[in-house]
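**Student:** Be aware that the sequence shown starts at 1, since it is given in my numbering, and climbs by one per residue. Where a beta carbon is used, it is the ideal one built from N, C-alpha and C, also for glycine.
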Amino acid sequence: MWRSDISQNVSKLSIDSNRLCAIRLNLNGHCLIIVCLYLPTDTHGNAFNQQSIEMILGEIRTLKLTYPYDDFIVAGDFNVDLDRKTPMVEFVNNSMTNVLSLDSLWKYYSVDFTFESMITENTRSTIDHFYVPQSFVLTCTDAGVLHHTHNTSDHSVIYVKFKCMVHNRSMNNVNMKSRPAWYKASYQNKTDYCNELSRRLDSIEVPVNTTTCTNSMCNVHDEHIDRYCLTF
Ligand SMILES: [Zn+2]
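See below:
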């Protein structure tokens with residue numbers, strides 16, 4: 001999720017949870033920790049999954065205590081809309097603010113909504129957040145949400161822009177892999193590519209009985225398919 005030429009500045013942090021991932025970005029001595037999380041859904045009642053949430057927030061607290069950093073961002077689907085006063089919203093927001101000392105950026109940059117349910121009509125909510133320290137708010141230049149028709153997710157993209165000094169980016173020890181530069185390709189290059197692709201696709205011999213069988217519950221061709229896969 002980052003340019004390969006800054007890979008030497010990025011380290012993945014180990015976390016014991018399948019609802020969290022985190023990286024530490026070293027920008028010339030300025031360290032930024034970015035945590036991505038996904039909290040359980042809000043049941044709107046007292047029976048929300050407090051234990052699971054406590055474990056996730058505990059992991060974030062451990063990260064804050066374990067690794068040195070200058071800035072700390074927690075981003076993701078919190079399933080928490082601060083306009084709703086449910087027990088889970090109160091619990092998560094209190095923990096983020098009072099225990100982890102992080103604030104939702106939407107307190108400073110207002111957004112209309114970040115999630116629109118595809119199941120229930122007219123249900124829009126702001127459940128995706130950036131939780132950041134007070135000091136980080138001062139370095140922010142913009143934050144918001146992008147609603148795009150191309151986006152097939154029921155969540156909209158949220159973004160944050162902030163000032164940071166990055167200079168003398170070293171290009172040493174970088175594995176540069178070549179890849180097609182389509183914008184430089186001529187009409188002839190593209191035609192040649194299409195012809196070569198068609199030729200290669202045509203040369204693939206798919207087992208006949210796997211394409212002619214119409215039984216959706218059929219499992220008698222597994223051996224054919226396995227043998228076919230092994231030819232690649
Ligand atoms: Zn069959």
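Helix, strand or coil for Phe130, going by three-state DSSP, please let me know.
**Tutor:** Three-state DSSP puts Phe130 in a strand.
**Student:** Closest to Tyr108 by C-alpha separation, out of His129, Asn18, Glu59, would be which residue?
**Tutor:** Closest by alpha carbon: His129.
**Student:** Give a yes or no on contact between the segment 113-129 and the segment 53-65, applying the rule of three or more CB pairs nearer than 8 Å.
**Tutor:** No: fewer than three Cβ pairs fall under 8 Å.
**Student:** Expressed to the nearest angstrom, what Euclidean distance is found between the alpha-carbon atoms of Arg124 and Asp154?
**Tutor:** Taking the straight line joining both Cα atoms gives about 10 Å.
**Student:** When every heavy atom of ligand 1 is checked, does at least one fall within less than 6 Å of the C-beta of Cys235?
**Tutor:** Since the displayed the chain opens at 1 and closes at 232, residue 235 lies outside it and no answer follows.
**Student:** Going along the chain, which unbroken runs of the beta strand (DSSP E) with 3 or more residues stay wholly within the segment 102-158?
**Tutor:** Counting only runs of 3 or more, we get 128-132, 140-146.
**Student:** Sort out for me which residues DSSP pairs Asp71 with in a bridge.
**Tutor:** According to DSSP, which records beta bridges pairwise, Asp71 is partnered with Leu32.
**Student:** With distances taken Cα to Cα, identify the nearest neighbour of Phe78 among Cys140, Cys31, Tyr38, Glu223.
**Tutor:** The shortest Cα separation from Phe78 among Cys140, Cys31, Tyr38, Glu223 belongs to Tyr38.
**Student:** Could you check whether Cys21 and Cys36 sit closer than 7 Å to each other, using their CB atoms as the reference points?
**Tutor:** Yes. Within cutoff.
**Student:** Using DSSP with H/G/I as helix, E/B as strand and the rest coil, what is Val206?
**Tutor:** Val206 falls in the coil class under three-state DSSP.
**Student:** Just to confirm before moving on: does the CB-CB distance between Val99 and Val80 stay below 7 Å?
**Tutor:** It is not a contact, given that the beta carbons lie outside the stated cut-off.
**Student:** For Tyr159, which residues from the same chain have a beta carbon less than 7 Å from its beta carbon, with the 5 sequence-adjacent residues on both sides left out?
**Tutor:** Taken in chain order, the residues that qualify are Ala143, Gly144, Leu146.
**Student:** Give the DSSP-derived three-state secondary structure of Cys194 in the structure shown.
**Tutor:** Residue state, collapsed to three classes: helix.
**Student:** Per DSSP, what are the beta-bridge partners of Arg24 in this structure?
**Tutor:** Bridge partners of Arg24: Ser11, Ile33.
**Student:** Return the residue from the list Trp2, His224, Leu102 that minimises the CA-CA distance to Ala75.
**Tutor:** Minimum Cα distance to Ala75 is reached at Leu102.
**Student:** What is the rounded straight-line gap between the Cα of Leu57 and the Cα of Val137?
**Tutor:** Cα to Cα, the separation comes out at about 21 Å.
**Student:** Please report the Cβ distance between Asp42 and Thr86, rounded to the nearest whole angstrom; I am assuming they are in contact, meaning their Cβ atoms lie under 8 Å.
**Tutor:** Confirmed, about 6 Å.
**Student:** Contact criterion: CB-CB distance below 7 Å. Does Ser11 meet it with respect to chain C?
**Tutor:** Although the question refers to chain C, the structure presented lacks it and comprises just one protein chain.
**Student:** So Asn94 is in the alpha helix (DSSP H); what residue range does that whole segment cover?
**Tutor:** Residues 87-94.
**Student:** Around the C-beta of Trp182, are 16 or more other C-beta atoms found within 10 angstroms, so that it is buried, or is it exposed?
**Tutor:** By the 10 Å Cβ count, Trp182 comes out exposed.
**Student:** Which stretch, first to last residue, makes up the alpha helix (DSSP H) that contains Arg61?
**Tutor:** Element bounds for Arg61: 50-66.
**Student:** Can you list, in chain order, the residues of its chain whose CB lies under 6 Å from that of Met88, leaving out five sequence neighbours each side?
**Tutor:** Closer than 6 Å at the Cβ level, and outside the excluded window around Met88, lie Asp42, Phe48.
**Student:** Indicate the three-state DSSP secondary structure (helix, strand or coil) for Lys184 in the structure shown.
**Tutor:** The answer is helix: DSSP assigns Lys184 an H, G or I state.
**Student:** Indicate, with yes or no, if ligand 1 has a heavy atom lying under 6 Å from the CB of Asn93.
**Tutor:** Answer for Asn93: no, Cβ out of range of ligand 1.
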